[in-house]
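Student: Residue numbers (my numbering): 129 to 372.
For glycine and all other residues, C-beta sits at the position ideal for the given N, C-alpha and C.
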């Protein structure tokens, strides 16, 4: 008799739990999942720092609120950031935040790219007088170029090099919309690469081949490839440099 009584009690408890789950817990969880999302503004393409924001560059997505970065831009504020500028490189599907948007446009003397240089790297500016002869389209900041001399020989240590900025004859930075002729190119180089480019610029004219545009996946891949394929000579110079 006690056995059946215990089973009845257990059955009642199970029924109560099932009723609780069905009529309270499940609706509560569904409501939480449905309401714990926020419509935010997301970048629709890779965009470089200093780019003027256009409507086509943006999209709206529903994302879980607890995964969002601070100061994200809500969907209803999308129009407010159109016409402003990116204050950093932003990649496709990145959530736009207040910190990534600035009211200020392009500064002709901006040197903030120096803040992003890795340890052991320097910004080296070289003349780009032969630019028009070697590249059919405009070289811009964040592009990846290949450097070679008059003889056409390419040093394996400067096959892929990042462009930090481009300047006109008065050393003013040139933005994307500028029609000023390109006179100088500032490159992101490690110490060994800088030594080679400096020597090359003294011995002959420097030519530039365009390998990748902007902060793209291809550009990052090429720079990583270069990092993994330095010659033993360059690796030796770098080892001695970092040992100091």
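1) Quick check on DSSP: helix, strand or coil for residue 351?
2) If you run the structure through DSSP and keep just helix, strand and coil, what is residue 223?
3) Please report how far the alpha carbon of residue 184 lies from the alpha carbon of residue 253, in whole angstroms.
4) From 211, 193, 164, pick the residue whose C-alpha is nearest to that of residue 186; which is it?
5) In this structure, how does DSSP classify residue 293 when only helix, strand and coil are distinguished?
6) Going by DSSP in three states, residue 363 sits in which element: helix, strand or coil?
7) Just the Cα atoms here: how many angstroms apart are residue 262 and residue 347?
8) If I follow the unbroken beta strand (DSSP E) through residue 192, where does it start and stop?
9) At a cut of 8 Å, does the segment 279 to 289 reach the segment 244 to 253 through at least three beta carbon pairs?
10) Give me the Cα-Cα distance between residue 336 and residue 343, rounded to the nearest whole angstrom.
11) Go ahead and pull the three-state DSSP assignment for residue 330.
12) With DSSP as the reference, label residue 281 as helix, strand or coil.
13) Hey, residue 291 and residue 271 are a contact pair by Cβ (cut 8 Å); roughly how many whole angstroms apart?
14) Residue 243 by DSSP, collapsed to three states: which one?
Tutor: A quick look at the data gives this:
1) By 1-based counting over the chain shown, the position of residue 351 is 223. DSSP places residue 351 in helix when its eight states are reduced to three.
2) Here the question's residue 223 lines up with position 95 in the chain shown. The answer is strand: DSSP assigns residue 223 an E or B state.
3) Here residue 184 refers to the residue found at position 56 of the chain shown. Here residue 253 refers to the residue found at position 125 of the chain shown. About 34 Å.
4) Counted from its first residue, the chain shown places residue 186 at position 58. Comparing Cα positions, the closest option is 211.
5) Position 165 of the chain shown, counted from the first residue, corresponds to residue 293. DSSP places residue 293 in the strand class (E or B) of the three-state scheme.
6) By 1-based counting over the chain shown, the position of residue 363 is 235. Residue 363 carries a helical assignment under DSSP once its states are collapsed to helix, strand and coil.
7) Along the chain shown, one-based indexing puts residue 262 at 134. Along the chain shown, one-based indexing puts residue 347 at 219. Low confidence applies to residue 262: its pLDDT is 44, below 50, so where it sits in the model is not reliable, and the reading given next is rough at best. One Cα belongs to residue 262, the other to residue 347, and the distance between them is close to 19 Å.
8) Numbered from its first residue, the chain shown carries residue 192 at position 64. Residues 186 to 192.
9) In this structure the segment 279 to 289 does not lie against the segment 244 to 253, because fewer than three pairs of beta carbons, one per stretch, are closer than 8 Å.
10) Working through the chain shown from its first residue, we reach residue 336 at position 208. Working through the chain shown from its first residue, we reach residue 343 at position 215. Roughly 18 Å between the two C-alpha positions.
11) Numbered from its first residue, the chain shown carries residue 330 at position 202. Look at residue 330 here: in three-state DSSP terms it is helix.
12) Here residue 281 is taken as the residue at index 153 of the chain shown, counted from 1. Three-state DSSP puts residue 281 in coil, outside helix and strand.
13) Start at 1 with the first residue of the chain shown, and residue 291 comes out as number 163. Start at 1 with the first residue of the chain shown, and residue 271 comes out as number 143. Contact holds; Cβ gap of about 5 Å.
14) Indexing the chain shown from 1 puts residue 243 at position 115. If DSSP states are grouped into helix, strand and coil, residue 243 belongs with the helices.
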